[in-house]
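Each remark here refers to the structure printed beneath this line.
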Amino acid sequence: MSRINNILKNEKYRNYLDRLMCFEKDRKFCHHDIEHFLGVARIMMIKNQEENFNIDKDVIYAIALLHDIGRVLQYEKGINHSKASAEIAKEILEKCQYSSNEIEIITSAISKHNIANDDNYINNLLKYADRISRNCFICPAFDDCNWDDLKKNKGVTL
Ligand SMILES: [Fe+2]
Ligand SMILES: [Fe+2]
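Rendered as structure tokens:
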């Protein structure tokens, strides 16, 4: 089985995903679910190809699938979800045949995904895909969302 599918089948991953779905069942704003994670992965894949970044597919999918998984601990204990996601990601990736170098790259991007761009193209790629993956232009909660108006997607970004 591929390493990406190892993550998807990982017991801890599934447990966090289930808990996230429960927490966000009635959430009117964007959800942090498998659709979001795969949307981010696919945008990252497209940009990776367009920009010739040559980032390994397994690394891209690991970043996208795990970047918000720690939202559970934010809901439960008020822990910053970027940091929580990076810690959970490390535990899961160690069980999914990722090397320590790959784990460092993946957890670094995840832990920094809610701060300003830096000089690392992988970190910035996640931030970009995370933002443009959201369909603000058809969102019924558009006016109540606390995203800065400039950040909200008014249409599809190409
Ligand atoms: Fe996030
Ligand atoms: Fe996200």
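Mapping to numbering that gives the first Met the number 0: the sequence shown position 42 is 41, numbers consecutive. Don't be surprised by glycine CBs; every beta carbon is placed ideally from N, CA and C.
Please report the Cβ distance between V58 and I104, rounded to the nearest whole angstrom; I am assuming they are in contact, meaning their Cβ atoms lie under 8 Å. Residue mapping note: residue 58 aligns to position 59 of the sequence shown, counting from 1. Residue mapping note: residue 104 aligns to position 105 of the sequence shown, counting from 1. V58 to I104, Cβ: 6 Å. Contact.
Count the other C-beta atoms from every protein chain shown that fall within 10 angstroms of the C-beta of L125, then say buried if there are 16 or more, exposed otherwise. Numbered from its first residue, the sequence shown carries residue 125 at position 126. Under this definition L125 is a buried residue.
Indicate whether at least one CB of chain D lies closer than 7 Å to the CB of G154. In the displayed structure, chain D is absent; only one protein chain is listed.
CB of D118 to nearest heavy atom of ligand 1: below 6 Å? On the sequence shown, residue 118 is found 119 positions in, with the first residue counted as 1. For D118, the shortest separation between its Cβ and any heavy atom of ligand 1 does not lie below 6 Å.
Any idea what DSSP makes of Q73, helix, strand or coil? Here the question's residue 73 lines up with position 74 in the sequence shown. Q73: helix per DSSP, three-state reduction.
Out of curiosity, what's the CA-to-CA distance linking C29 and N119? By one-based count along the sequence shown, residue 29 stands at place 30. By one-based count along the sequence shown, residue 119 stands at place 120. One C-alpha to the other measures close to 26 Å.
Closer than 6 Å to a non-hydrogen atom of ligand 2 - does that hold for the CB of D67? In the sequence shown, the residue the question calls residue 67 occupies position 68. Yes - ligand 2 has a heavy atom lying nearer than 6 Å to the Cβ of D67.
Figure out for me which residue from A88, N5, I33, K27 has the closest Cα to the Cα of D143. Within the sequence shown, residue 143 is the residue found at index 144, counting from 1. Looking at the Cα atoms, K27 is the closest of the given residues.
Kindly indicate which three-state DSSP category D142 falls into: helix, strand or coil? As a first step, residue 142 is located in the sequence shown; it is residue number 143 there, counting from the start. Looking at D142 - three-state DSSP - the assignment turns out to be coil, as it is neither helix nor strand.
Pull up the distance between the alpha-carbon of I97 and that of P139, whole angstroms please. Here residue 97 is taken as the residue at index 98 of the sequence shown, counted from 1. Here residue 139 is taken as the residue at index 140 of the sequence shown, counted from 1. Position check: residue 97 holds Tyr in this sequence, whereas Ile was assumed. Y97 and P139: Cα-Cα distance of roughly 40 Å.
Regarding D55 and ligand 3, is the C-beta to nearest heavy atom distance less than 6 Å? As for ligand 3, it is missing from this structure, which binds only ligand 1 and ligand 2.
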